[in-house]
Ligand SMILES: Nc1ncnc2c1ncn2[C@@H]1O[C@H](COP(=O)(O)OP(=O)(O)OP(=O)(O)O)[C@@H](O)[C@H]1O
Ligand SMILES: Nc1ncnc2c1ncn2[C@@H]1O[C@H](COP(=O)(O)OP(=O)(O)OP(=O)(O)O)[C@@H](O)[C@H]1O
Ligand SMILES: [Mg+2]
Ligand SMILES: [Mg+2]
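Protein chains in written order, with the numbering used here: chain A, 574 to 840; chain B, 190 to 747; chain C, 3 to 296; chain D, 180 to 462; chain E, 8 to 343.
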């Protein structure tokens with residue numbers, strides 16, 4: 574496993590269950606991994622295997638009837654699982670940021686895009702002058718390739734790809750230590766998908782943030798991440814570097830994943 | 190200060206919700222309200238019928254006498270009467286008023302139709318004397334129209350104000366000009382949908398004639414909404430005079446306000462209203478067209494139970510079709526002595542015999558049946574009159590117990606009237622034998638054959654809408670018509686009443702039920718001198734024009 | 003494939019069951035009451051007047067008697083019997099009105115949403131129009147002119163209870179019309195009637211149930227509004243009629259709290275019961291609350 | 180004779196804003212023509228970006244929307260001239276599998292319902308036991324067993340299972356052609372292969388034609404015989420699949436081909452892509 | 008603003024006119040379905056107090072002629088609609104010769120005043136309570152209190168009014184029993200008059216608010232639960248926004264949209280409900296006008312007041328439609 578000093582986030586034995594009348598659904602059942610500084614970790618697995626739940630577990634966003642049952646999470650080596658609600662709120666977006674799955678509905682429909690970025694800044698960095706805020710927002714939008722006029726638009730006026738990019742802008746707005754990107758491209762069409770993925774990759778490199786990228790498109794993963802974790806039924810089957818993973822997958826399931834991926838280069 | 194000291198003010202209530210037309214004091218138009226204080230304190234009557242003595246008290250009028258053939262009536266006015274603006278009220282105003290009613294070809298002004306029926310011409314004899322030439326003899330001309338027999342009568346209007354106005358659209362309201370204008374001891378200070386305030390006019394004409402000014406400096410008529418609300422206000426001492434309430438409400442007021450009093454100091458507390466309650470039956474609708482069947486109904490009705498339950502003991506059962514006033518006692522006594530008094534209690538077994546003799550048998554559901562038809566009886570009531578609805582509720586139960594499938598249907602007043610007047614009803618709980626106060630003719634006359642109309646057309650004035658149309662009714666009509674041409678309470682009248690009554694009694698086109706009660710609470714905290722059975726200078730109906738008398742009798746408490 | 007345990011029947015959640023119990027009990031109160039009480043006592047003049055409940059005193063210092071444990075009214079109705087008889091009567095007005103309103107809503111909503119076109123425009127215009135008509139005013143007029151008894155009154159109230167369901171169902175049908183399973187049913191040769199009522203309708207059941215409950219309380223309130231104006235049925239002492247007569251007799255000032263208080267309390271119970279059912283139905287129909295079973 | 184012909188199909192949606200409303204026109208498909216021969220069975224791919232009119236084609240063929248101009252012929256008979264009996268017959272021969280494996284199941288019913296519907300309305304068999312046999316057989320083709328799935332509710336099954344059952348349903352009717360509108364785009368990578376495999380087998384063993392609608396060039400490349408690439412309602416390039424993908428001519432086709440991520444660690448995306456501008460012009 | 012075109016506004020206005028016309032026609036027909044006519048009713052009222060009225064059939068005929076009640080129905084209908092177009096509501100039948108416009112005009116300001124004050128209150132309180140009821144951070148006792156306060160919803164308005172009168176006017180002497188302002192005061196633009204109006208309006212408004220807010224609470228709670236499940240709520244949390252900000256700017260802001268729609272649609276119903284309360288307080292509004300008119304079968308007044316209620320609802324729906332895109336940016340005029 575990784576070296577303590579250089580690991581941004583370390584998760585060990587995280588368990589998130591959903592309450593149900595017939596007992597708990599073990600959506601995340603004891604997963605452990607590290608993310609090193611500047612590294613991009615991919616998590617793949619079939620739909621419903623617990624990827625989103627794991628992300629929510631780390632960010633403490635699990636909604637009722639879900640509950641975090643156990644696990645240690647530390648950020649820069651400091652445990653954060655015991656922080657109180659208010660302190661935890663403060664590290665969201667500043668240290669641990671999320672780019673959500675389903676960007677289509679992740680923006681407040683009755684708020685202009687600009688405001689949805691400002692309210693984040695106002696909450697965590699109060700006292701910034703409004704001109705400074707505007708230039709900051711314009712810079713962010715520029716980074717994700719959106720025109721400045723986006724500030725005054727409502728979410729429904731944006732295309733899916735644009736919305737996804739707004740979410741990315743929000744995710745990186747406060748220079749967080751770690752960004753968790755949850756299936757950010759699965760709802761987009763191939764061309765847009767590629768564009769968004771490239772944008773994110775570029776930003777990650779520029780800012781040097783650590784990233785967890787969740788998805789199930791092996792092709793995309795191959796292009797984007799440094800290490801891959803394969804999840805199945807709430808557990809992590811294997812974690813290895815991308816090169817290693819494609820060359821020498823350990824698990825049967827991993828092999829299926831790789832082989833099932835069609836290509837336009839080999840028929 | 191917009192408010193006067195409480196102990197100088199008398200507060201009356203107006204029931205029945207907001208006054209819809211507070212700024213229209215044209216009393217000639219039928220739709221306007223006049224019991225909002227205007228006819229109790231401002232518009233004075235010519236005479237006031239005294240319910241207690243049976244006599245007629247003079248007010249603006251001094252005397253109203255007829256010739257022996259009863260077709261020329263001479264009115265003498267008191268001297269020195271003035272309108273509140275200082276103009277004289279004299280024979281000219283009377284003639285002007287009556288003439289206006291005679292001239293209304295549409296007959297839609299209030300009293301226009303009756304004046305046109307009776308008055309051939311009206312003439313001023315001198316400043317204080319007016320002569321009426323009638324179309325035919327009428328012994329009750331003064332009584333019926335000029336003496337507040339019930340509610341009010343013809344109101345004299347000031348010629349100098351009305352001249353040149355369209356009597357249909359004139360509102361008689363203008364603060365600048367001091368309208369409305371009357372001769373009473375009070376003038377209108379302010380009006381609104383919910384209250385009317387009158388202040389005393391210290392220049393009232395009576396003062397110059399040696400009459401004392403009334404004591405209250407201000408009179409208020411206020412809309413008090415629900416029974417609950419009204420009772421609470423009275424219990425708090427915020428109302429001096431309350432219109433008709435239920436016994437329970439009165440008891441609750443008394444429990445909280447020692448100074449509440451009513452006509453009697455104990456049960457039944459109430460004063461009797463002139464319109465006794467009756468169950469009218471459509472005498473042309475099967476199977477109730479058979480007098481025997483109507484008698485069966487009468488046998489089922491338990492009047493005592495009705496008094497006990499529907500009235501909580503605040504009234505008395507009707508012995509005859511007449512109201513129990515002193516002036517009518519000779520007739521009531523004679524009828525009862527002749528064996529025609531109504532029973533207090535039910536005799537269902539007699540009813541059963543009658544009904545069964547008509548071929549009805551009780552079915553498995555407990556109701557009488559004949560030829561596959563159930564014996565039904567639907568009683569329509571006026572939705573707004575709780576008292577009649579409560580009587581009907583009890584009667585329906587009595588009928589149901591006796592095997593008649595009775596039903597109670599309260600409906601809107603207009604529909605109810607229309608249904609009855611056109612004969613679209615089986616039974617109706619109402620009061621239409623109302624009319625006689627101090628002589629028997631008025632009530633009997635309403636059921637004579639001359640008012641008969643076929644089912645589907647409107648009965649005139651709601652007279653004989655039960656459509657009593659038999660040989661006996663014709664005979665009845667002859668006797669009653671004869672009575673009408675005789676002076677009031679002429680000798681021999683008692684026997685004629687008994688004869689006519691017998692014809693009616695045998696066929697029973699409607700069934701007298703109870704006397705109507707009005708439980709009218711007064712508060713003596715600030716004012717005394719309210720009419721009671723002991724201090725019975727007149728009756729206590731404060732929404733009638735006779736209220737002038739009450740106001741002049743009030744004294745400050747302490 | 004992750005093993006997903008299915009959550010047990012969502013219709014069996016606590017609020018729904020409690021609410022249904024309360025409502026069921028109140029609805030069957032006449033039946034139950036007949037076993038231990040003489041419900042004929044609800045009729046006028048079947049008991050002494052103005053008695054307080056057992057153990058209390060009225061203004062005249064009369065004590066309550068065990069023969070009339072909840073007291074009596076000023077027309078000699080036994081309050082216990084009145085409550086037993088009046089409660090289901092009041093509720094049935096609500097249920098019938100909501101039922102009819104719902105039925106109209108289903109028919110109009112489905113046909114207008116499914117077929118669209120002129121018919122759809124017409125239905126929407128009618129719904130909009132009906133919404134603007136002040137129902138209470140019209141009902142007051144009709145009731146005071148014709149005076150109808152419980153069932154007809156319910157039917158009249160229903161005439162104003164359909165636009166809501168119609169509008170909602172229409173919107174749902176418009177969405178469902180585009181859904182995959184409707185297309186599949188078409189591809190499977192199913193006739194339109196089947197598509198509407200066998201494919202679409204069942205999915206609306208939780209909503210229809212919730213809306214039915216909501217409309218029931220609305221209809222009950224409308225009925226009560228008419229009744230306290232004195233425009234209710236006559237012999238049947240529904241809750242509103244009872245309150246009307248109590249107010250006509252100044253029951254509050256007379257300290258006859260049992261007379262207006264008991265029907266009011268029952269009304270509160272009815273509404274709480276219906277509210278609980280609604281909350282329970284929410285749990286059934288709200289996708290978020292149901293995610294667990296997905 | 181060709182099995183299915185589309186001649187110069189154009190579809191214009193009229194978007195009206197309700198009662199008395201003004202109308203706006205959206206040209207979803209423009210002068211589209213295609214011929215699918217009766218034999219041999221083939222898989223014809225229609226690819227293109229989102230909103231390019233792919234689903235519109237499916238809806239036209241399936242009769243869910245009316246054609247604005249042009250004609251669709253099945254075995255030489257014009258769709259719009261068919262009697263209701265012929266239309267019913269057409270339904271039996273032209274079936275579909277859709278993108279969303281959840282939405283096509285009525286959540287109210289058990290899985291069995293989709294098979295029952297078909298059997299009932301198309302009167303495929305007479306007896307109950309025949310029906311059971313038929314269902315089992317069809318499920319077998321997609322590698323499922325009746326007792327594992329039939330009495331479950333749709334949400335109790337995986338996306339892959341649901342999508343395969345849709346294939347089984349279509350297969351049971353034994354149509355001449357199946358319109359498959361993005362049948363794998365909502366299914367996991369690991370399950371995708373299974374479904375593609377089923378399609379291939381149905382083509383090769385049962386002679387069923389497919390109209391395969393997708394935006395995923397990679398799978399099309401794997402199985403398609405012919406391809407039509409749509410861009411904003413127009414066909415921009417068509418021909419043999421391998422040809423088209425290996426030699427993209429139209430700039431949009433080039434962009435599309437470029438955007439497919441190579442699923443191998445050692446092959447990288449070459450250069451950053453450029454999006455079409457807002458008016459849809461390719462730069 | 009989503010392109011508010013003249014064409015859209017005109018079309019929307021056309022629908023408005025059509026609904027008003029249809030609804031007014033219904034209002035015209037209904038009172039005429041029953042036997043009984045207003046003039047007869049007037050006579051009946053006279054005879055209630057005066058025993059009986061002689062020659063009443065003459066009066067009835069005279070007035071029927073005067074009001075054109077003997078004309079064929081279509082003539083009456085034409086006259087009615089023609090009148091509405093010029094906002095002439097005719098002359099009251101029962102209170103001849105007062106124009107309906109005058110009667111309604113006197114009552115309307117009071118009703119509207121009472122309505123707007125109570126509307127603001129119950130809409131605010133109802134939605135606030137609904138929001139608090141579904142918010143995780145609301146203290147438990149507050150939730151209990153809110154739930155308990157909803158029992159008022161099931162109490163008939165008139166009874167609630169009387170209980171309030173009993174408590175606050177009778178027992179505690181805090182507020183007046185009835186009326187709209189102090190006895191003897193003349194309406195004027197003075198502080199004295201206004202404070203009196205507010206003082207007298209408190210109990211009526213309170214009654215309306217108490218019996219109404221619960222509906223909004225229930226509706227709001229439902230909407231809050233729905234919105235809580237939206238992705239943007241989770242994302243808002245992930246942004247580390249403060250809980251209260253998240254509550255009002257994200258959750259409430261979106262949950263309240265259907266509530267606003269519902270408000271526009273139910274405004275007529277609410278005003279109608281207010282009628283009973285007004286009657287209990289002998290308040291000067293439309294309540295008693297309507298109740299009396301119905302008792303007297305005063306067609307013109309019934310039609311006039313109902314027409315006003317129809318206008319209120321139709322107008323509020325129209326306004327809602329026109330301003331909705333401001334409240335909900337997703338809605339544009341072109342879509343319906
Ligand atoms: N609110 C909930 N209640 C109960 N179970 C839930 C809830 N949310 C998710 N689950 C269950 O938890 C498991 C993991 O869900 P999760 O959303 O984390 O999967 P995922 O890997 O992100 O899937 P996808 O690729 O579809 O996004 C699933 O089995 C799901 O059914
Ligand atoms: N019912 C409809 N009414 C109006 N416009 C429509 C309708 N259906 C589709 N369109 C429009 O027609 C165009 C083509 O849509 P279509 O659904 O055929 O695209 P698609 O290629 O299937 O896209 P996707 O990949 O997103 O499924 C789009 O611009 C769409 O907005
Ligand atoms: Mg997920
Ligand atoms: Mg599509």
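All residues carry an ideal CB built from backbone N, CA and C; glycine is no exception. Note that this is a predicted model, so its numbers are computed, not measured.
Per DSSP, reduced to three states, the secondary structure at residue 730(B) is coil, with no helix or strand assignment.
The count of Cβ pairs closer than 8 Å, one atom from the stretch 254 to 264 of chain E and one from the stretch 194 to 207 of chain E, stays below three, leaving the stretches out of contact. Taken through DSSP and simplified to helix, strand or coil, residue 590(B) comes out as helix. Chain-order list of chain D residues neighbouring residue 762(A): 228, 229 and 394, by C-beta distance under 8 Å. In terms of beta-carbon proximity, residue 236(E) lines the interface with chain A, with at least one pair separated by less than 9 Å. Proximity of the beta carbon of residue 640(A) to ligand 1 is not indicated: no heavy atom of the ligand is located closer than 8 Å. Against chain D, the CB of residue 189(C) has a partner CB under 9 Å away; the residue lies at that interface. Between the stretch 209 to 226 of chain C and the stretch 403 to 415 of chain B there are fewer than three C-beta pairs closer than 8 Å, too few to call the two in contact.
Around the CB of residue 569(B), 16 or more other CB atoms lie within 10 Å, so the residue is classed as buried. The Cβ of residue 206(E) sits no closer than 9 Å to any Cβ of chain B. Contact annotation: residue 293(B) and residue 306(B) have beta-carbon atoms that are not nearer than 9 Å.
Restricting attention to 800(A), 765(A) and 637(A), the CA atom closest to the CA of residue 590(A) is found in 637(A).
Where residue 174(C) is concerned, there is no enclosing beta strand (DSSP E), although the alpha helix (DSSP H) around it starts and stops at 165 to 179. The stretch 319 to 331 of chain D and the stretch 273 to 288 of chain D do not touch, with fewer than three beta-carbon pairs separated by less than 8 Å. Taking every protein chain shown into account, the CB of residue 285(E) has 16 or more other CB atoms within 10 angstroms, so this residue is buried.
Straight across, the Cα-Cα distance linking residue 212(D) with residue 221(D) is about 17 Å.
At a cut-off of 8 Å, the beta-carbon of residue 192(D) counts as near ligand 2: some heavy atom of the ligand is closer than that. In terms of CA proximity to residue 773(A), 798(A) leads the group 762(A), 792(A) and 798(A). The three-state secondary structure of residue 39(C), taken from DSSP, is coil. Secondary structure remark: continuous alpha helix (DSSP H) runs of at least 4 residues inside the stretch 672 to 732 of chain B, in chain order: 682 to 696. If you compare the alpha carbons of 723(B), 687(B), 684(B) and 670(B) with that of residue 326(B), the shortest gap goes to 670(B).
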